[in-house]
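Read through the structure below, which is laid out as structure tokens, and then see the notes.
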Amino acid sequence: MEWPLVIFTIALQLACGLALAVTLIDKKSRSVTPKMVRILGIAIFPLTAVGILSSLLHLGNPLHAANSLRHLGVSWLSREILFSGIFAFAALIYSYFWFKERQSNRVLLGSITTILGFISIVSSSMIYLLPSQAAWNSGWVPMSFLGTTLLLGAFGALVLGNLGVGHKSSRTLVCLSVFGGLALIVSAVWMLSGLGQVVEDEVATQRLQRALHLITNQYATWFGLYVLLACVLPFTVMFKYWNGTQVSGSNEAPVATAKGTISSIYTMLFIAVLIGTVIGRALMYVVGVGTLPPF
Amino acid sequence: MAKDQKAFYVDTTKCINCKTCEIACKDINNAALGQRIRKVRSFEVGEYPNIFVYNISMSCNHCEDPQCVKACPAGAYTKREDGIVVHNPDVCIGCRYCTWACPYGAPQFDEEVGKVRKCNMCIDNVEEGELPACVSACPTRAIEVGMLSDFENRPGSTISIHNLPSPNISKPSTRYKVKPEAMKR
Chain F
9 MEWPLVIFTI ALQLACGLAL AVTLIDKKSR SVTPKMVRIL GIAIFPLTAV GILSSLLHLG
69 NPLHAANSLR HLGVSWLSRE ILFSGIFAFA ALIYSYFWFK ERQSNRVLLG SITTILGFIS
129 IVSSSMIYLL PSQAAWNSGW VPMSFLGTTL LLGAFGALVL GNLGVGHKSS RTLVCLSVFG
189 GLALIVSAVW MLSGLGQVVE DEVATQRLQR ALHLITNQYA TWFGLYVLLA CVLPFTVMFK
249 YWNGTQVSGS NEAPVATAKG TISSIYTMLF IAVLIGTVIG RALMYVVGVG TLPPF
Chain S
318 MAKDQKAFYV DTTKCINCKT CEIACKDINN AALGQRIRKV RSFEVGEYPN IFVYNISMSC
378 NHCEDPQCVK ACPAGAYTKR EDGIVVHNPD VCIGCRYCTW ACPYGAPQFD EEVGKVRKCN
438 MCIDNVEEGE LPACVSACPT RAIEVGMLSD FENRPGSTIS IHNLPSPNIS KPSTRYKVKP
498 EAMKR
């Protein structure tokens with residue numbers, strides 16, 4: 009299993025999604041941003057750094073990692089590394105602004121960071137569109153990456169930021185979360201519809217059927233968990249939000265803790281969704297390189 | 318595409334699955350345990366009583382449109398003027414992306430070294446007018462090396478073979494002579 013790549017892609021998508029959500033909250037609330045939103049703003053760079061460091065673990069020869077920028081003209085992997093590096097640099101400055109509580113130009117900086125993050129994520133998804141990997145070679149991979157970004161970012165900011173239903177940016181974040189969740193559902197259905205197909209290429213057909221067998225047998229429980237945690241769970245929470253109730257199902261204030269106002273149920277909800285997206289990403293590698301023929 | 322290029326020709330009707338080519342390849346490349354830079358795969362197909370077997374000895378196909386060259390972020394692969402696709406281990410970062418991109422599994426990762434290896438058509442031998450190790454070693458003379466244009470014109474020469482990936486992905490330069498049952502129409 010490609011765990012370093014699972015962590016890398018999820019961490020960068022979470023960081024980019026948070027940059028988007030925090031920028032939206034910042035734009036709407038300005039000087040009165042909740043305390044937890046500041047912490048989320050500060051967390052963007054560490055998340056990016058963890059992702060990039062994790063990606064180094066995937067390399068057989070990490071000391072020569074700089075060589076990965078030698079083929080920018082052709083290789084999407086080269087481009088992904090360049091764009092991820094640029095995003096990390098922007099995230100560093102953006103997180104520093106939150107740390108120092110500097111408000112001037114912070115929304116502009118957040119917007120730039122978000123755009124750079126999306127460029128990085130799109131280039132990351134292009135890596136998987138390989139003619140030799142029939143299970144990956146369609147639009148569901150970019151859709152899954154973008155859906156994960158929106159879901160984790162908007163949902164994370166909403167529940168971890170302790171934003172009440174009355175907050176100016178709550179509805180926008182709910183919409184983004186729903187949009188991200190829908191994108192994940194569509195990408196899962198799209199992926200399943202491609203597996204098991206009979207195509208012109210015999211080896212591709214064998215691999216697609218093998219992938220379908222894996223997903224519906226050996227990994228069926230994991231696939232069910234992915235659908236439940238990453239696709240269904242966020243919608244139930246969003247539904248409550250839309251109806252004007254708190255995430256926990258009551259109108260109680262979040263539980264106060266020594267460090268602030270992190271409600272344990274909010275955190276657990278977010279962790280559950282995060283685990284769901286990690287499972288989904290791991291399954292992506294199962295249906296792709298997990299079905300390589302035995303050469 | 319290079320106007321003409323060096324290529325392998327494998328007459329699978331002569332292949333007896335002895336794997337001497339594999340061993341010669343492993344020996345000259347000092348390949349790691351489990352690394353099969355050339356590999357002979359045996360396919361048993363059909364239904365009783367119409368069953369048949371064919372063996373495919375395959376290394377890197379030095380494709381016209383090599384996916385490894387496009388994929389590698391380090392630029393470790395080069396398609397030379399003579400069509401041979403060579404891999405430079407000095408710049409390889411061991412990301413394994415080429416192993417995902419190649420439809421034939423030609424680049425293989427060496428866990429110990431942390432880099433990928435693949436067939437370079439024994440380029441040092443070829444440049445000195447000698448033969449690649451697999452060609453020299455084959456006891457039935459099933460493997461040849463030469464120019465693609467010559468091999469393409471041989472009767473029965475093909476790359477469209479049952480149980481092999483579609484040649485449309487990377488346009489392999491290797492040509493095979495196979496039993497009629499193994500050939501895709």
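Chain order of the listed sequences is F and S. Using this note's numbering, read the first sequence as starting at 9 and increasing by one per residue. Using this note's numbering, read the second sequence as starting at 318 and increasing by one per residue. We put the beta carbon where it would ideally sit given N, CA and C, even for glycine. All of these numbers come straight from a predicted model, not from anything done at the bench.
Does any residue of chain F have a CB that is nearer than 7 Å to the CB of S483 (chain S)? Position 166 of the second sequence, counting from 1, holds the residue named residue 483 (chain S). Taking Cβ atoms only, chain F reaches closer than 7 Å to S483 (chain S), which makes this a yes.
Can you check whether the C-beta of R215 (chain F) is within less than 7 Å of a C-beta belonging to chain S? In the first sequence, the residue the question calls residue 215 (chain F) occupies position 207. So, not an interface residue.
From the DSSP output, read off the bridge partner residues of E364 (chain S). Residue 364 (chain S) sits at position 47 when you count from the first residue of the second sequence. BP columns for E364 (chain S) point to S:N367.
Whose C-alpha, out of F:A27, F:V197 and F:A212, is nearest the C-alpha of R114 (chain F)? Indexing the first sequence from 1 puts residue 114 (chain F) at position 106. Checked all of F:A27, F:V197 and F:A212; the closest Cα to R114 (chain F) is F:A27.
Among the residues of its own chain, which have a CB less than 6 Å from the CB of G413 (chain S), if the five just before and after it don't count? Reading the second sequence from its first residue, position 96 is the one you call residue 413 (chain S). For the record, residue 413 (chain S) in the displayed sequence is Arg; it is not Gly. Cβ neighbours of R413 (chain S) beyond the five flanking positions: F426.
Would you say I15 (chain F) touches the ligand ADP, meaning its beta carbon is less than 6 Å from a heavy atom? With respect to the ligand ADP, the structure shown offers nothing to examine, as it has no ligands at all.
For V206 (chain F), which residues of its own chain have a beta-carbon under 6 Å away from its beta-carbon, when the five flanking residues on both sides are left out? On the first sequence, residue 206 (chain F) is found 198 positions in, with the first residue counted as 1. Same-chain partners within the cutoff: T213.
Is it true that the stretch 416–426 of chain S meets the stretch 131–140 of chain F, where meeting means three or more beta-carbon pairs spaced less than 8 Å apart? yes
Determine which residues of the stretch 379–398 of chain S have a Cβ less than 7 Å from any Cβ of chain F, and write them out in chain order. Q384, K387, A388, C389, P390, A391 and G392
Just the chain S side, please: which residues come within less than 7 Å of V82 (chain F) by C-beta, in chain order? On the first sequence, position 74 is the one that residue 82 (chain F) refers to. Residues of chain S passing the Cβ test: K387.
Do you know how far the Cα of F325 (chain S) is from the Cα of L465 (chain S)? In the second sequence, the residue the question calls residue 465 (chain S) occupies position 148. In the second sequence, the residue the question calls residue 325 (chain S) occupies position 8. Spanning the two alpha carbons is a distance of roughly 8 Å.
Less than 7 Å between the beta carbons of F91 (chain F) and I127 (chain F), yes or no? Along the first sequence, read from residue 1 onward, the residue named residue 91 (chain F) stands at position 83. Along the first sequence, read from residue 1 onward, the residue named residue 127 (chain F) stands at position 119. In this structure, I127 (chain F) lies closer than 7 Å to F91 (chain F) by Cβ.
Let me know the secondary structure DSSP gives G305 (chain F) once reduced to three states. Because chain F in this structure spans residues 9 to 303, residue 305 (chain F) falls outside the shown range and cannot be described.
With C-beta atoms as the reference, is V14 (chain F) less than 7 Å away from V30 (chain F)? Along the first sequence, one-based indexing puts residue 14 (chain F) at 6. Along the first sequence, one-based indexing puts residue 30 (chain F) at 22. Cβ atoms of V14 (chain F) and V30 (chain F): not closer than 7 Å.
Completely contained alpha helix (DSSP H) runs for the stretch 171–238 of chain F, where each covers 4 or more residues: 178–202, 210–224 and 228–234
Tell me which same chain residues have a C-beta within less than 8 Å of the C-beta of E109 (chain F), skipping the five on either side of it? The residue given as residue 109 (chain F) occupies position 101 in the first sequence. Excluding positions up to five away in sequence, the list reads R46.
DSSP three-state assignment for H404 (chain S), whether helix, strand or coil: One-based indexing of the second sequence puts residue 404 (chain S) at position 87. It is a strand residue.
What did DSSP end up calling K432 (chain S) once you bin it into helix, strand or coil? Reading the second sequence from its first residue, position 115 is the one you call residue 432 (chain S). Reduced to three states, the DSSP call for K432 (chain S) is strand.
Check the C-beta distance from H479 (chain S) over to M438 (chain S) and give it rounded, since I have them as a contact under 8 Å. As a working note, residue 479 (chain S) is residue 162 in the second sequence. As a working note, residue 438 (chain S) is residue 121 in the second sequence. Not confirmed; about 26 Å, so no contact.
Among F:L291, F:L67 and F:L158, whose alpha-carbon lies nearest the alpha-carbon of A219 (chain F)? Against the first sequence, residue 219 (chain F) aligns to sequence position 211. For A219 (chain F), the closest C-alpha among the options F:L291, F:L67 and F:L158 is that of F:L291.
Return the chain-ordered list of same chain residues with a C-beta closer than 6 Å to the C-beta of I94 (chain F), the five sequence neighbours on each side being excluded. Position 86 of the first sequence, counted from the first residue, corresponds to residue 94 (chain F). Only L124 meet the Cβ criterion.
Looking only at DSSP bridge pairs, what is M438 (chain S) linked to? For the purposes of this step, residue 438 (chain S) is taken as residue 121 along the second sequence, with counting starting at 1. Answer is none; M438 (chain S) lacks a bridge partner.
Say whether chain F places a C-beta atom closer than 7 Å to the C-beta of A459 (chain S). What you label residue 459 (chain S) is simply residue 142 of the second sequence in a count that begins at 1. A459 (chain S) does not count as touching chain F.
Positions along the stretch 79–104 of chain F whose CB lies within less than 7 Å of some CB in chain S: H79, V82, S83, L85, S86 and I89
Listing by chain order, which chain S residues have their CB less than 7 Å from the CB of A73 (chain F)? In the first sequence, the residue the question calls residue 73 (chain F) occupies position 65. Within chain S, the residues near A73 (chain F) are I410.
Other residues of its chain near L120 (chain F): CB distance less than 7 Å, five sequence neighbours each side excluded: Locating residue 120 (chain F) in the first sequence gives position 112, counting from the first residue. First, the amino acid is wrong: residue 120 (chain F) is Ile here, not Leu. Counting only Cβ-Cβ distances below 7 Å, and skipping sequence neighbours, we find A98.
To be precise: take each residue of the stretch 124–142 of chain F, compare its Cβ to all Cβ atoms of chain S, and keep it if any distance is under 8 Å. Which residues remain? I135, L138, P139, S140 and Q141
Return helix, strand or coil for N346 (chain S), following the three-state DSSP convention. Mapped onto the second sequence, residue 346 (chain S) falls at position 29. The answer is helix: DSSP assigns N346 (chain S) an H, G or I state.
Thinking C-beta only, is P390 (chain S) closer than 7 Å to L85 (chain F)? Stepping through the first sequence from its first residue, residue 85 (chain F) is reached at position 77. Stepping through the second sequence from its first residue, residue 390 (chain S) is reached at position 73. Yes, they are a contact pair.
Compute the Euclidean distance between the alpha carbons of I345 (chain S) and L64 (chain F), then round it to the nearest angstrom. Numbered from its first residue, the second sequence carries residue 345 (chain S) at position 28. Numbered from its first residue, the first sequence carries residue 64 (chain F) at position 56. The straight-line gap from Cα to Cα measures roughly 31 Å.
Once the 5 residues before and after V297 (chain F) are set aside, which same chain residues still bring their CB inside 6 Å of it? Position 289 of the first sequence, counted from the first residue, corresponds to residue 297 (chain F). Contacts found: none.
Answer yes or no: do S185 (chain F) and M276 (chain F) have a C-beta to C-beta separation smaller than 7 Å? By 1-based counting over the first sequence, the position of residue 185 (chain F) is 177. By 1-based counting over the first sequence, the position of residue 276 (chain F) is 268. The Cβ atoms of S185 (chain F) and M276 (chain F) do not sit closer than 7 Å to each other.
Which class does S359 (chain S) belong to by DSSP, given the choice of helix, strand or coil? As a position in the second sequence, residue 359 (chain S) is number 42, starting the count at 1. The three-state reading of DSSP puts S359 (chain S) in strand, counting E and B together.
Give the straight-line distance between the Cα atoms of V167 (chain F) and G155 (chain F), rounded to the nearest whole angstrom. On the first sequence, position 159 is the one that residue 167 (chain F) refers to. On the first sequence, position 147 is the one that residue 155 (chain F) refers to. If you take the alpha carbons of V167 (chain F) and G155 (chain F), they lie about 18 Å apart.
Would you say P420 (chain S) lies against chain F (beta-carbon separation less than 7 Å)? On the second sequence, position 103 is the one that residue 420 (chain S) refers to. True, the Cβ-Cβ gap to chain F drops below 7 Å.
Residue range of the unbroken beta strand (DSSP E) whose run includes D427 (chain S): The residue you call residue 427 (chain S) lines up with position 110 of the second sequence. Q425 to D427 is the span of the beta strand (DSSP E), which, as asked, contains D427 (chain S).
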